[in-house]
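Visitor: Residues in the sequence shown are numbered consecutively from 81, following our numbering.
Got a structure for you, written out below as structure tokens; questions coming shortly.
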Amino acid sequence: MDRETFWNVIDEVNSSVDGGDQEAILEATQKKLLEFSAADIARWHEIKRVYMELAYRNDLWAACAATGTHCSDDGFMDFRSWLISQGRDVYMQVLQDPDSLAEVEIPKEGADFEAYGYVALNAYGQKKEIETKGLASVLKDYLAWIGKEGQTSAESYLRTLEYRNDIYQEIDAHPLGAEEKEKILEEVALRPDISSCWNMEMLPQIMPRLCWRYNTGQGMGMS
């Protein structure tokens with residue numbers, strides 16, 4: 081798993097499902113990740129974390145606010161997950177020019193995708209359990225678990241696998257190498273950031289296209 085494969089996973093998913101259907105994106109992403117080893121899934125998540133950190137910028141936070149998306153600390157995290165889920169081309173363009181987000185279709189409920197931040201954790205839990213115990217054993221365990229009183233949700237069972245198989249232990253044991261991090265940094269040529277002292281009144285000057293789009297209703301009601 082390297083940065084090229086990381087983006088290929090996202091691009092393949094986006095080419096196969098409706099970009100406005102986050103549930104479909106999550107399902108397709110988990111299915112795609114399960115084609116890889118547990119170690120590769122953990123590496124995918126770690127590469128995503130690096131891109132998340134690179135997008136932690138004041139100008140992107142202002143762009144998040146200009147779209148009308150909830151822009152608290154948690155909201156900005158969900159915004160960055162959404163941005164990465166859009167694929168490499170959109171991510172790179174918006175990092176170079178956050179105001180170019182005006183050209184991207186944004187869901188009517190806002191540019192956030194909280195669940196995408198955890199998509200690899202679920203896939204890792206499943207894959208690690210299968211690699212450790214074997215598929216037959218996992219299926220037997222699932223049937224025994226779902227037969228217990230009050231346990232009827234497959235989603236709840238998958239969550240137990242996520243807790244049982246901690247992706248962060250894998251990441252700590254096999255961290256992303258300095259060379260791969262350097263390649264990611266070389267790929268993202270960041271321009272100078274704006275001041276952290278920006279406020280909502282300044283948005284029309286900082287993000288003119290985005291503010292025009294949302295002030296005129298051009299950004300509302302999109303898929």
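By construction, the Cβ of each residue, glycine as well, lies at the ideal position given by its N, Cα and C atoms.
Decide yes or no for the touch test of the region 273–283 against the region 128–142: beta carbon pairs closer than 8 Å, at least 3 of them.
Guide: As far as the Cβ criterion goes, the region 273–283 touches the region 128–142, which means the pair count is three or higher.
Visitor: Taking the alpha-carbon positions, what's the Val218 to Lys207 distance?
Guide: If I take the Cα positions, the gap works out to 10 Å.
Visitor: I'd like to know if the region 140–151 and the region 166–184 are in contact, where contact means that at least 3 CB-CB pairs between them fall below 8 Å.
Guide: The region 140–151, when compared against the region 166–184, does touch it at the 8 Å Cβ threshold.
Visitor: Name the two residues that bound the continuous alpha helix (DSSP H) containing His125.
Guide: Element bounds for His125: Ala118 to Leu134.
Visitor: Using a 10 Å radius around the Cβ and a threshold of 16 neighbouring Cβ atoms, would you call Ala128 buried or exposed?
Guide: For the sequence presented, residue 128 should be read as Lys rather than Ala. That one is buried.
Visitor: Apart from the five residues on each side of it in sequence, which residues of its chain come closer than 8 Å, Cβ to Cβ, to Val170?
Guide: Excluding positions up to five away in sequence, the list reads Leu163 and Val184.
Visitor: Do Val93 and Ala108 count as a contact pair if the criterion is CB distance below 8 Å?
Guide: Closer than 8 Å, so yes.
Visitor: Quick check on Arg271: does DSSP put it in helix, strand or coil?
Guide: Residue state, collapsed to three classes: coil.
Visitor: How should Ile226 be labelled, buried or exposed, when 16 other C-beta atoms within 10 angstroms of its C-beta is the threshold for buried?
Guide: So Ile226 counts as exposed.
Visitor: Report yes or no: do the region 112–122 and the region 244–258 share at least 3 C-beta pairs separated by less than 8 Å?
Guide: Result yes; three or more Cβ-Cβ pairs closer than 8 Å.
Visitor: As an exercise, report each continuous alpha helix (DSSP H) stretch of at least 4 residues that is fully enclosed by the region 185–246, in chain order.
Guide: You should have 199–213, 215–226 and 234–244.
Visitor: Going by other Cβ atoms of all chains shown within 10 Å of its Cβ, with 16 needed for buried, is Met282 buried or exposed?
Guide: Looking at its Cβ environment, which holds fewer than 16 other Cβ atoms inside 10 Å, Met282 is exposed.
Visitor: Relative to the C-alpha of Gln173, which residue among Tyr196, Glu267, Phe193 and Asn88 is closest?
Guide: If we check each option's Cα against that of Gln173, Glu267 comes out closest.
Visitor: I need the DSSP call for Trp278, collapsed to helix, strand or coil.
Guide: Three-state DSSP puts Trp278 in coil, outside helix and strand.
Visitor: Give me, in chain order, the residues of the same chain whose beta-carbon lies closer than 6 Å to that of Gly301; leave out the 5 immediate sequence neighbours on both sides.
Guide: Note that Gly301 has pLDDT 37, beneath the 50 cutoff, so the model's placement of it is unreliable and the number below is only indicative. Counting only Cβ-Cβ distances below 6 Å, and skipping sequence neighbours, we find Lys188.
Visitor: Should His36 be labelled buried (16 or more other beta-carbon atoms within 10 Å of its own) or exposed?
Guide: Past the boundaries of the shown model lies residue 36; the chain is included only from 81 to 303, so the question cannot be answered.
Visitor: Assign Pro306 to buried or exposed, taking buried as 16 or more other Cβ atoms, counted over all protein chains shown, within 10 Å of its Cβ.
Guide: Because the chain here runs from 81 to 303, residue 306 falls outside it and cannot be looked at.
Visitor: Which residues in the same chain have their Cβ closer than 6 Å to the Cβ of Gly197, if we skip the five residues on either side of it in sequence?
Guide: Correct list, in chain order: Ser161.
Visitor: Within 10 angstroms of its Cβ, does Gly257 collect 16 or more other Cβ (buried), or is it exposed?
Guide: Under this definition Gly257 is an exposed residue.
Visitor: Rounded to whole angstroms, what is the Cα-Cα separation between Ala216 and Met132?
Guide: Approximately 37 Å, taken between the alpha carbons.
Visitor: Whose CA, out of Lys213, Glu250 and Tyr237, lies closest to the CA of Leu223?
Guide: For the residues Lys213, Glu250 and Tyr237, the minimum Cα distance to Leu223 belongs to Tyr237.
Visitor: Just tell me which of Ser152, Asp101 and Ala200 has its CA closest to the CA of Ile186.
Guide: The residue with the shortest Cα to Cα distance from Ile186 is Asp101.
Visitor: What first and last residue would you give for the alpha helix (DSSP H) that runs through Ser165?
Guide: Asp153 to Ser165 is the extent of the alpha helix (DSSP H) around Ser165.
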